[in-house]
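Structure first, commentary second.
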Amino acid sequence: MDRTTVIAQAVLLLAALVPAGYVYYRVRFAPRPKPAYRSVAVLVLGDIGRSPRMMYHSESFAQNGFETFVVGYEGAQPPRSLLSLPRVHFIYLSPPPAFISRLPTTLYRLFAPLKVLYQVLSVLSALLGRIPHPPEYIIVQNPPSIPTLALVQLVVRLRGSKLIIDWHNLGYSILALRLGQGSAFVRLAKRFEEKFGQKAYAHLFVTNAMKEHLVKAWGLIGRTVVLHDRPPAHFHPASPAETHQSHHSGPIVTLRPDRPALLVTSTSWTPDEDFSILVRALTAYERRARVVNGTADVSDASGDADATKKGTKLPKVLMIVTGKGELREQYMEEIIRRETEGRWQWVTCRSAWLEAADYPLLLGSADIGISLHSSSSALDLPMKVVDMFGCGLPVCALGYPCLDELVKDGENGLVFKDSDELAEQLERLLTGFPNSPSLANLRGSLRRTHAPSHMPYSAPLKAGDPDSEELAWGSWSDNWDRLVRPLVIDGNDSLAEIALRAITEAYAEQN
Ligand SMILES: Nc1nc2c(ncn2[C@@H]2O[C@H](COP(=O)(O)OP(=O)(O)O[C@H]3O[C@H](CO)[C@@H](O)[C@H](O)[C@@H]3O)[C@@H](O)[C@H]2O)c(=O)[nH]1
Numbered sequence: 001m002d003r004t005t006v007i008a009q010a011v012l013l014l015a016a017l018v019p020a021g022y023v024y025y026r027v028r029f030a031p032r033p034k035p036a037y038r039s040v041a042v043l044v045l046g047d048i049g050r051s052p053r054m055m056y057h058s059e060s061f062a063q064n065g066f067e068t069f070v071v072g073y074e075g076a077q078p079p080r081s082l083l084s085l086p087r088v089h090f091i092y093l094s095p096p097p098a099f100i101s102r103l104p105t106t107l108y109r110l111f112a113p114l115k116v117l118y119q120v121l122s123v124l125s126a127l128l129g130r131i132p133h134p135p136e137y138i139i140v141q142n143p144p145s146i147p148t149l150a151l152v153q154l155v156v157r158l159r160g161s162k163l164i165i166d167w168h169n170l171g172y173s174i175l176a177l178r179l180g181q182g183s184a185f186v187r188l189a190k191r192f193e194e195k196f197g198q199k200a201y202a203h204l205f206v207t208n209a210m211k212e213h214l215v216k217a218w219g220l221i222g223r224t225v226v227l228h229d230r231p232p233a234h235f236h237p238a239s240p241a242e243t244h245q246s247h248h249s250g251p252i253v254t255l256r257p258d259r260p261a262l263l264v265t266s267t268s269w270t271p272d273e274d275f276s277i278l279v280r281a282l283t284a285y286e287r288r289a290r291v292v293n294g295t296a297d298v299s300d301a302s303g304d305a306d307a308t309k310k311g312t313k314l315p316k317v318l319m320i321v322t323g324k325g326e327l328r329e330q331y332m333e334e335i336i337r338r339e340t341e342g343r344w345q346w347v348t349c350r351s352a353w354l355e356a357a358d359y360p361l362l363l364g365s366a367d368i369g370i371s372l373h374s375s376s377s378a379l380d381l382p383m384k385v386v387d388m389f390g391c392g393l394p395v396c397a398l399g400y401p402c403l404d405e406l407v408k409d410g411e412n413g414l415v416f417k418d419s420d421e422l423a424e425q426l427e428r429l430l431t432g433f434p435n436s437p438s439l440a441n442l443r444g445s446l447r448r449t450h451a452p453s454h455m456p457y458s459a460p461l462k463a464g465d466p467d468s469e470e471l472a473w474g475s476w477s478d479n480w481d482r483l484v485r486p487l488v489i490d491g492n493d494s495l496a497e498i499a500l501r502a503i504t505e506a507y508a509e510q511n
């Protein structure tokens with residue numbers, strides 16, 4: 001090795017060591033700045049407008065007097081209820097080059113570090129530079145875990161903030177869907193998530209199952225609270241007038257007795273939702289409707305010849321799939337191909353992305369909701385079902401362990417295991433539509449047991465009753481105020497501390 005190469009390498013090493021040494025010094029020795037009282041950074045390494053739970057957190061923090069910095073990627077428009085709050089500030093991250101996510105698996109592995117480096121720099125610059133003062137709390141969504149968890153651990157050490165990890169799912173289990181359970185990357189990702197996710201001021205979970213699993217498996221340090229998803233207050237069954245309005249602005253719904261049944265599923269089109277189940281179920285429904293309604297070939301109709309005479313007719317079905325995501329094109333092409341080639345008469349399926357205000361309106365106008373969420377970890381729950389329950393919409397949901405924390409088979413919805421069972425449930429619920437007794441029973445029992453507390457038909461919440469969640473649903477903010485507010489407001493400040501801080505702040509403002 002010649003002298004110039006050695007000198008060049010030494011210079012490069014020094015150039016890398018100086019910033020690393022500075023960060024180490026700041027973490028270990030530099031005095032911590034005092035975080036700004038009642039301020040929070042809400043971090044999601046994804047499209048903010050498509051991260052409902054983090055938007056609801058942001059709204060709740062802001063409504064509780066927190067200066068709220070929402071950090072994430074710009075994309076779908078967040079709801080007006082969030083945009084209009086005076087204390088909410090959006091800090092958008094610059095997205096990594098889009099081509100990386102579209103690469104095939106082998107090339108993706110090669111370029112993944114570049115994507116991570118990009119994310120590291122944009123998150124650090126947002127949390128360390130673009131938020132004017134250290135926030136009192138940083139709440140981060142997990143997943144994604146890499147690199148977010150390591151970064152927030154570093155930032156809370158540097159800025160003296162308190163970390164709250166909001167566990168939506170396990171990042172490594174999602175990676176395993178793509179790379180396989182045995183992959184070394186998946187094992188590495190699991191170690192990473194455990195190491196950097198273990199310690200926080202508080203951990204929030206979407207299910208009891210996830211809390212129990214993580215507390216036991218990873219020995220979490222910090223307070224632990226299960227905050228089940230709940231719909232915000234504007235999710236409710238649509239009145240006929242609202243349904244009529246939605247007819248004019250978009251999807252085709254009318255209240256005529258010969259109207260089609262409106263089915264809805266919402267999704268991020270991720271690999272944990274197998275849409276082929278829905279495609280096969282709709283194909284089966286079309287076949288059954290032809291037979292039952294007497295429009296099938298004679299050969300198809302064997303054994304069902306008298307179904308029409310009994311008046312057990314099936315309605316036309318309009319299936320709307322809402323949401324954006326990578327697998328949308330692939331599945332919608334398959335559906336349209338089947339519709340055209342099979343000359344479907346009884347089923348029409350369309351996809352749509354709705355404005356935040358129109359999404360609950362569609363759910364509130366629909367007849368049946370469908371969930372294909374299968375959960376990569378079997379520890380989380382489908383948010384879409386929460387949305388649907390909020391809108392009084394009965395649900396057919398794909399079953400998996402822990403789903404019963406939300407869907408109770410036969411009480412507030414039906415649970416299916418495959419496309420045959422889903423097709424059978426649709427037929428049962430839609431026979432005689434719009435006057436189907438099975439559908440009316442399910443809707444009635446859902447509204448009795450799982451109605452949001454702000455709806456007039458809801459059962460009253462019983463104060464102090466641990467089971468009251470089963471009787472009536474609090475809205476998101478009821479739940480947040482009951483479970484998270486005490487952690488971030490009442491939790492650890494003495495009255496004297498609060499008063500002293502208020503006086504200091506008022507004095508600082510005057511000067
Ligand atoms: N505005 C709008 N929002 C939509 C639309 N379609 C879907 N969404 C939003 O997208 C969500 C469904 O996305 P998924 O990614 O399929 O969510 P999930 O599987 O039901 O729930 C996951 O995310 C939750 C919170 O982010 C987690 O709590 C849960 O455990 C799970 O991981 C819906 O709840 C809704 O908020 C639309 O057309 N318009």
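The numbers in the UniProt record's numbering rise by one with no breaks, and the one at position 210 of the sequence shown is 210.
Positions of the beta carbon are idealized from the N, C-alpha and C atoms, including for glycine.
Fair warning: this is a prediction, and the values are worked out from it, not measured in the lab.
Going by C-alpha positions, Arg-178 is about 15 Å away from Pro-143. Three or more Cβ pairs drawn from the region 349-359 and the region 68-83 lie within less than 8 Å of each other, which places the two stretches in contact. Per DSSP, the unbroken beta strand (DSSP E) holding Gly-369 starts and ends at 368-371. About 4 Å separates the beta carbons of Leu-85 and Ala-62, which is inside the 8 Å limit, making them a contact pair. Here the alpha carbon of Gln-425 sits roughly 52 Å from the alpha carbon of Arg-130. Closest in C-alpha terms to Ser-268, from the list Val-155, Leu-121, Ser-375 and Ala-98, comes Ser-375. The region 327-342 and the region 226-239 do not touch, with fewer than three beta-carbon pairs separated by less than 8 Å. In the same chain as Ala-36, and ignoring 5 residues on each side of it, the C-beta atoms closer than 6 Å to its own belong to His-133, in chain order.
The alpha-carbon separation between Arg-338 and Tyr-285 amounts to approximately 13 Å. For Met-210, the shortest C-beta to heavy atom distance toward ligand 1 is 6 Å or greater.
When the beta-carbon positions are compared, Ser-60 and Trp-473 stay at least 7 Å from each other. Counted as a single uninterrupted DSSP element, the stretch harbouring Tyr-400 is not any alpha helix (DSSP H), since DSSP gives it neither H nor E. DSSP places Gly-323 in the coil class of the three-state scheme, outside both helix and strand. When secondary structure is reduced to three states using DSSP, Gln-141 falls in the strand class. Taking Gly-369 as the centre and dropping the five residues before and after it, the same chain places the C-beta of Val-264, Met-388, Leu-393 and Val-395 closer than 6 Å to its C-beta, in chain order. In the DSSP assignment, Phe-111 falls within the alpha helix (DSSP H) that extends over 105-124. By the neighbour-count definition (other C-beta atoms within 10 Å, threshold 16), Pro-52 is a buried residue. DSSP links Lys-190 through a beta bridge to no other residue. With a threshold of 16 other beta carbon atoms within 10 Å, Pro-104 falls short and is exposed. His-213: not part of any beta strand (DSSP E); member of the alpha helix (DSSP H) spanning 208-218, first to last residue. For Glu-355, there is no enclosing beta strand (DSSP E), as DSSP marks it with neither H nor E. The beta carbon of Asn-412 sits closer than 7 Å to the beta carbons of Phe-389, Ser-445, Leu-446, Thr-449 and His-450 from its chain, once the five residues preceding and following it are set aside; these are given in chain order. Within its own chain, the residues whose Cβ lies closer than 6 Å to the Cβ of Lys-384, once the five positions on either side in sequence are excluded, are Ser-266 and Ser-371, listed in chain order. Placement of the Cβ of Val-152 at a distance of 6 Å or more from every heavy atom of ligand 1 is found.
Collapsing the DSSP output to three states places Glu-74 in coil. Asn-479 has its Cβ no nearer than 6 Å to any heavy atom of ligand 1. In the pairwise beta carbon analysis, the region 396-411 is classified as not touching the region 181-193: fewer than three pairs are separated by under 8 Å. The Cβ-Cβ distance between Leu-149 and Gly-197 falls below 7 Å. As for any alpha helix (DSSP H) of minimum length 4 sitting wholly inside the region 146-174, the runs are 148-159, ordered along the chain. In this structure, the alpha-carbon of Ile-138 lies about 22 Å from that of Lys-190. With respect to the C-alpha of Met-54, the residue from Trp-167, Cys-402 and Leu-121 having the closest C-alpha is Trp-167.
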